[in-house]
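Heads up, the sequence shown is in the numbering used here, so the first residue is 46 and it goes up one at a time.
We put the CB at the ideal spot given by N, CA and C, even for glycine.
Bear in mind the structure is a predicted one, so any value in this text is a computation, not a measurement.
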Amino acid sequence: MSSSKPDRERVDIAEIDVVVVGAGFAGCYMLHRVREMGLSVRAFETSSGVGGTWYWNRYPGARCDIESMEYSYQFSEELQQEWEWSERYSPQSEILAYINHVADRFDLRRDIQFETRVTSAHFDETGRRWHVVTDRGDELSAQFCIMATGCLSSTNTPDFPGLDAFEGDWVHTGDWPHEGVDFSGKRVGVIGTGSSGIQSIPLIALESDHLTVFQRTANYSVPANNRPMDPQVQAKVKADYRAFRQRNSEMPFGAFADVGRREESAVLATEEERAEHYDYWWIEGGLTFLASYGDLMFDADANATAASYVRGKIRELVDDPEVAEILIPDQVFGCKRLCADTGYFETFNRSNVDLVDVRKSPIEEITPTGLRTGDAEYALDVIVFATGFDAMTGALLGIDIRGRDGQTLGEKWSAGPRTYLGLGTAGFPNLFTITGPGSPSVLANMVPAIEQHVNWISDCIQYLRDAGLHEIEASIDAEDAWVDHVNEVANMTLFPGCNSWYLGANVPGKPRVFMPYIGFPMYVEKCEEVVAKNYEGFVTS
Ligand code: NA7
46 MSSSKPDRER VDIAEIDVVV VGAGFAGCYM LHRVREMGLS VRAFETSSGV
96 GGTWYWNRYP GARCDIESME YSYQFSEELQ QEWEWSERYS PQSEILAYIN
146 HVADRFDLRR DIQFETRVTS AHFDETGRRW HVVTDRGDEL SAQFCIMATG
196 CLSSTNTPDF PGLDAFEGDW VHTGDWPHEG VDFSGKRVGV IGTGSSGIQS
246 IPLIALESDH LTVFQRTANY SVPANNRPMD PQVQAKVKAD YRAFRQRNSE
296 MPFGAFADVG RREESAVLAT EEERAEHYDY WWIEGGLTFL ASYGDLMFDA
346 DANATAASYV RGKIRELVDD PEVAEILIPD QVFGCKRLCA DTGYFETFNR
396 SNVDLVDVRK SPIEEITPTG LRTGDAEYAL DVIVFATGFD AMTGALLGID
446 IRGRDGQTLG EKWSAGPRTY LGLGTAGFPN LFTITGPGSP SVLANMVPAI
496 EQHVNWISDC IQYLRDAGLH EIEASIDAED AWVDHVNEVA NMTLFPGCNS
546 WYLGANVPGK PRVFMPYIGF PMYVEKCEEV VAKNYEGFVT S
């Protein structure tokens, strides 16, 4: 990891070309690109370092579930050749070290102001510029405002009564203390069994005296089968990294080209064929299980075969049949994001681990000494909230963003996010969202999805400059048609069929709208077509 100290000094900037909000994978590459174009730019970052998701999510077991060779930038051949990954799936610490290396290598820190939160961005229609204000009193004016605020960066902590009076410690997986949490000798409660819970629970169980897991919805999880990086695999990919990236970009999720995706149908296979097939993908490990047949997310009967296989595995892995039944999900397989684990279900065979079904008996309050559900009280020293995020819109709506006529983004999106291509929204000229709602984002490999957006935005800015134009804005017609299309595509699949965070269903009161666009290659094609037709669907002036 880099030893460079973040730039803590406040810099007063009157007028610049571009403001970038956030210094995760999106903000770092955006900054690099606009600087290469010779534009003046300032990036603001709330935390004290680069990395975004990988800066904040330091909980035990935090790990990417896209393979390391795929989860990295491709914009620099030297960078992708020189970096060595040590495991099939990188742990958080290694990804954080990588993004710090990128920041050093491309000298990004000098244009990032850390420990600074952008609080408002208002469009001044007369000056045709964004007026941006931070919590440290900076005020600046920029022609373009680019939101690189992340899809899973605004933590969701349920509003349980009594949390303020809790006498123990509580932490959220998405805002984990840098010094770590000492669980030894402690009675720990983990609330939530999404990816963060499923990754951290086996390790917290090992460290703590006693662990109680509070589960609202049982989740499907497949073994990650993580292992040390095979040097031959790494060398083979590096021998023609460009072709490897290209193959992945043609996949529905922008990933897994060399491991996954089968076109065959689960319903057309015989029971024996399916059993053999699922056994293979179960042992292979990882999220490719979801692509082990081509129709799993399109055909309810096909999906039911995968669901039934995983349920059978849970029954095999968990000794106590009653506990196994609580851990068995009843929703569509893959509808909530599939998880990849290391020993998750087996953890419930440990004598120091208990499972509580809070769907049956919800959490009613946090008490000074623990937690109370409808039918019991649990004494706890530490509560871990693995309760997820206000995904895709939370970080954007947390900033006071105002476009034409003073309209706030919150007003505009009161019934759910509305964008054209997830890149811009009508009424907010020169405001770009990287991996915004309406783009593949969380349903694609995030790093290539980010690069595709950053490249598109950079090219767009260059186009405007070359053409002597000042503004670009999504047209309302193009936006309406795109929102309809995003929904139409989602409704062709089984994804909208349960209470997932893709739909905003995890945050009370959030409009129920399917946010990501399903189908990375089709999306990229559409973006390219828009450019070829001189930014069709956008209004320029
Ligand atoms: P997730 O996947 O949103 O999981 C959050 C978990 O917390 C999930 O099991 C929720 O149950 C549970 N939850 C949320 N609110 C409550 C309340 N009020 N009571 C009980 N349980 C609750 O977040 P993660 O951080 O695990 O993962 C996010 C993404 O990061 C992941 O998908 C990967 O892309 C990486 P629910 O299912 O809503 O019933």
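Measure the alpha-carbon distance for residue i versus residue j and round it to whole angstroms.
i, j, result
"ALA489", "GLY331", "15 Å"
"VAL618", "CYS190", "Absent from the structure is residue 618, since the part of the chain shown begins at 46 and ends at 586."
"TYR568", "ARG162", "31 Å"
"TYR562", "ALA460", "18 Å"
"PHE168", "LEU476", "9 Å"
"GLU60", "SER545", "42 Å"
"ALA300", "GLY242", "24 Å"
"GLU170", "THR333", "48 Å"
"SER85", "GLN188", "10 Å"
"ILE521", "ILE495", "24 Å"
"ASP52", "LEU539", "Residue placement at ASP52 is flagged as unreliable, the pLDDT there being 46, under the threshold of 50; the coordinate-derived value follows with that caveat. Between ASP52 and LEU539, the C-alpha separation is close to 46 Å."
"ARG449", "TYR465", "17 Å"
"ARG133", "GLY182", "44 Å"
"GLN137", "ILE359", "27 Å"
"ARG174", "MET192", "15 Å"
"ALA577", "ASN500", "15 Å"
"VAL278", "PHE228", "37 Å"
"PHE583", "ASP346", "41 Å"
"ARG382", "LEU248", "21 Å"
"THR200", "VAL216", "11 Å"
"ARG287", "ASP386", "30 Å"
"GLU54", "ALA71", "Because the pLDDT of GLU54 is 48, which lies under 50, any placement of that residue in the model is unreliable, and the number read from its coordinates should be weighed accordingly. Distance between the alpha carbons of GLU54 and ALA71: 23 Å."
"VAL147", "ALA302", "25 Å"
"GLY219", "TYR104", "8 Å"
"ILE479", "VAL558", "19 Å"
"LEU185", "ASP62", "10 Å"
"ILE236", "GLU574", "45 Å"
"PRO407", "LEU400", "13 Å"
"MET342", "MET560", "17 Å"
"TYR547", "SER486", "11 Å"
"PHE9", "ARG108", "In this structure the chain extends from 46 to 586, so residue 9 is not present and cannot be described."
"VAL56", "ILE111", "In this prediction, VAL56 scores a pLDDT of 49, lower than 50, which makes its location untrustworthy; the coordinate-derived value is nonetheless stated afterwards. Cα to Cα, VAL56 sits roughly 37 Å from ILE111."
"GLU435", "PRO556", "Checking the sequence, you will find Asp at residue 435 rather than Glu. Using only the alpha carbons, I get a separation of about 11 Å."
"THR585", "GLY513", "10 Å"
"ALA250", "GLN452", "49 Å"
"SER47", "ILE446", "Its pLDDT being 36, under 50, SER47 is placed unreliably by the model, and the measurement read from it follows with that caveat. Cα to Cα, SER47 sits roughly 34 Å from ILE446."
"GLY67", "PRO268", "33 Å"
"GLY481", "ASP365", "43 Å"
"GLU409", "GLU329", "41 Å"
Kindly indicate which residue of the options has the alpha-carbon position closest to the one of residue i.
i, options, result
"GLN497", "THR350, GLU570, THR257 and HIS146", "GLU570"
"LEU372", "LYS405, GLN188 and SER117", "LYS405"
"VAL368", "PHE583, ARG447 and PHE390", "PHE390"
"PRO222", "LEU425, ILE506 and ASN102", "ASN102"
"GLU252", "GLU361, VAL398 and LEU468", "VAL398"
"ILE415", "ALA523, LEU425 and TRP130", "It should be pointed out that residue 415 corresponds to Gly in this sequence rather than to Ile. The shortest Cα separation from GLY415 among ALA523, LEU425 and TRP130 belongs to LEU425."
"GLU316", "ASP504, SER353 and ILE140", "SER353"
"ASP204", "GLY554, GLY582 and GLY195", "GLY554"
"ASP340", "GLU139, VAL312 and VAL363", "VAL312"
"SER117", "TRP128, ASN271 and GLU321", "TRP128"
"ASN523", "VAL233, GLY483, HIS515 and ASP386", "The amino acid occupying residue 523 in the given sequence is Ala; Asn does not appear at that position. Residue GLY483 is the option with its Cα nearest to ALA523."
"VAL233", "GLY239, VAL258, VAL401 and GLN244", "VAL258"
"LEU468", "ASP375, ASN293, THR194 and SER240", "THR194"
"PRO273", "TRP130, ASP445 and SER266", "TRP130"
"THR438", "CYS380, GLU224 and ALA550", "ALA550"
"GLY106", "GLY225, GLY213, GLU160 and GLU370", "GLY225"
How close, in whole Å, do the beta carbons of residue i and residue j come, if the pair is a contact with beta carbons under 8 Å?
i, j, result
"THR164", "ASP149", "Contact doesn't hold; Cβ gap of about 29 Å is too wide."
"GLY564", "VAL531", "Not a contact, Cβ separation roughly 10 Å."
"SER121", "SER135", "Actually they do not touch by this definition, with Cβ atoms about 18 Å apart."
"ILE517", "TYR580", "7 Å"
"CYS196", "VAL377", "Going by Cβ atoms, the distance from CYS196 to VAL377 rounds to 22 Å, so no, they are not a contact pair."
"PRO566", "GLU308", "Not confirmed; about 15 Å, so no contact."
"ALA351", "TYR325", "Contact doesn't hold; Cβ gap of about 13 Å is too wide."
"PHE211", "ILE411", "5 Å"
"VAL178", "VAL64", "Not a contact, Cβ separation roughly 11 Å."
"ALA166", "ILE444", "6 Å"
Is the closest heavy atom of ligand 2 to the C-beta of residue i under 6 Å?
i, result
"ILE502", "Among the ligands present in this structure, namely ligand 1, ligand 2 is not found."
Exercise for the section: Determine contact between the stretch 149 to 163 and the stretch 62 to 81, defined as no fewer than three beta-carbon pairs at a distance below 8 Å. Expected result: A contact exists between the stretch 149 to 163 and the stretch 62 to 81.
Exercise for the section: Mind the definition here: the stretch 276 to 286 touches the stretch 423 to 431 only if three or more C-beta pairs lie below 8 Å; say whether that holds. Expected result: Three or more Cβ pairs closer than 8 Å define a contact, and the stretch 276 to 286 falls short of that threshold against the stretch 423 to 431.
Handout entry: Contact the stretch 418 to 425 vs the stretch 260 to 280: 3+ CB pairs below 8 Å
Key = Flag = no, the stretch 418 to 425 and the stretch 260 to 280 do not touch.
Practice task
Check whether the stretch 520 to 527 touches the stretch 92 to 107, taking contact to mean three or more Cβ pairs, one atom from each stretch, closer than 8 Å.
Solution key: Flag = no, the stretch 520 to 527 and the stretch 92 to 107 do not touch.
Problem - Validate contact between the stretch 87 to 94 and the stretch 205 to 218 using beta carbons, cut 8 Å, 3 pairs - result: Here the stretch 87 to 94 makes no contact with the stretch 205 to 218; the two share fewer than three CB pairs at distances below 8 Å.
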